[in-house]
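Each position in the sequence shown, counted from 1, maps to that position plus 747 in this note's numbering. Where a beta carbon is used, it is the ideal one built from N, C-alpha and C, also for glycine. Note that the coordinates shown come from a computational prediction; the quantities given were computed from them, not determined experimentally.
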Amino acid sequence: QISFWPLNSWAVFKAHPYISNVLGYTALFSSADVIQQSVLGGKPDIDWCQTARVATVGFCFHANFNYHWLRWLERMLPGGGVKAVTGKVVVDQLVAAPLTISAFYIGLSLLENKDDPLEDWRQKFWTSYKSGVIYWSTMQVRNPSIIIIIYFKATHCTALTFTKSVSHFILFILDIICNK
Numbered sequence: 748q749i750s751f752w753p754l755n756s757w758a759v760f761k762a763h764p765y766i767s768n769v770l771g772y773t774a775l776f777s778s779a780d781v782i783q784q785s786v787l788g789g790k791p792d793i794d795w796c797q798t799a800r801v802a803t804v805g806f807c808f809h810a811n812f813n814y815h816w817l818r819w820l821e822r823m824l825p826g827g828g829v830k831a832v833t834g835k836v837v838v839d840q841l842v843a844a845p846l847t848i849s850a851f852y853i854g855l856s857l858l859e860n861k862d863d864p865l866e867d868w869r870q871k872f873w874t875s876y877k878s879g880v881i882y883w884s885t886m887q888v889r890n891p892s893i894i895i896i897i898y899f900k901a902t903h904c905t906a907l908t909f910t911k912s913v914s915h916f917i918l919f920i921l922d923i924i925c926n927k
């Protein structure tokens with residue numbers, strides 16, 4: 748029997764969604780930071796300690812929170828119909844978005860040993876939150892079928908978690924651009 752490694756790896760990830768979520772979030776947060784530093788940061792070298800801090804926040808908080816949050820959200824608002832999807836997006840934006848944005852800024856500040864761990868949060872929270880609301884609203888208006896499909900598949904968490912990871916990546920980049 749011929750085995751193709753990437754396909755077998757995908758089967759492992761599907762069989763272990765928690766591990767794939769943790770690895771996925773860590774990789775996305777790390778990648779976003781490297782891209783931010785190399786493309787938008789204007790510095791000649793990448794600060795790997797900064798990337799490690801971002802990866803730590805992604806690994807320790809975001810991966811775990813979003814895995815359990817999305818499973819809970821699907822149990823509370825099951826299905827992929829317009830009403831369920833709209834409810835999921837609204838609840839996610841009102842509850843999870845403020846928590847995850849706060850965890851990101853406060854977590855990074857704590858890892859950087861800043862004197863005031865809330866300073867970055869106070870400066871950047873509302874811009875990041877508004878960007879997230881605009882991003883999701885735009886996604887819904889431009890192509891609601893994508894959101895419905897994503898939430899419909901959320902029973903297994905993989906599609907929604909990937910989409911949420913990508914949105915965090917985009918919001919991270921938008922935040923860097925907006926707060927320059």
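- In the structure shown, the three-state DSSP call for L824 is coil.
- Contact between G805 and T833 does not hold, since the beta-carbon distance rounds to 28 Å and is not under 8 Å.
- With a contact defined as Cβ atoms closer than 8 Å, L858 and R800 qualify at about 4 Å.
- A distance below 9 Å separates the beta carbons of F808 and G854.
- In the DSSP annotation of this structure, the continuous segment of the alpha helix (DSSP H) that includes K835 starts and ends at V829 to V838.
- Between Y882 and W868, the CB-CB gap reaches or exceeds 9 Å.
- I793 sits in coil when the DSSP states are folded into three classes, being neither helix nor strand.
- Y814 is not a Cβ neighbour of P845, given a cutoff of 9 Å.
- In the structure shown, the three-state DSSP call for E866 is helix.
- For V769, the enclosing alpha helix (DSSP H) starts and ends at P764 to I782.
- With fewer than 16 other Cβ atoms inside 10 Å of its own Cβ, I766 counts as exposed.
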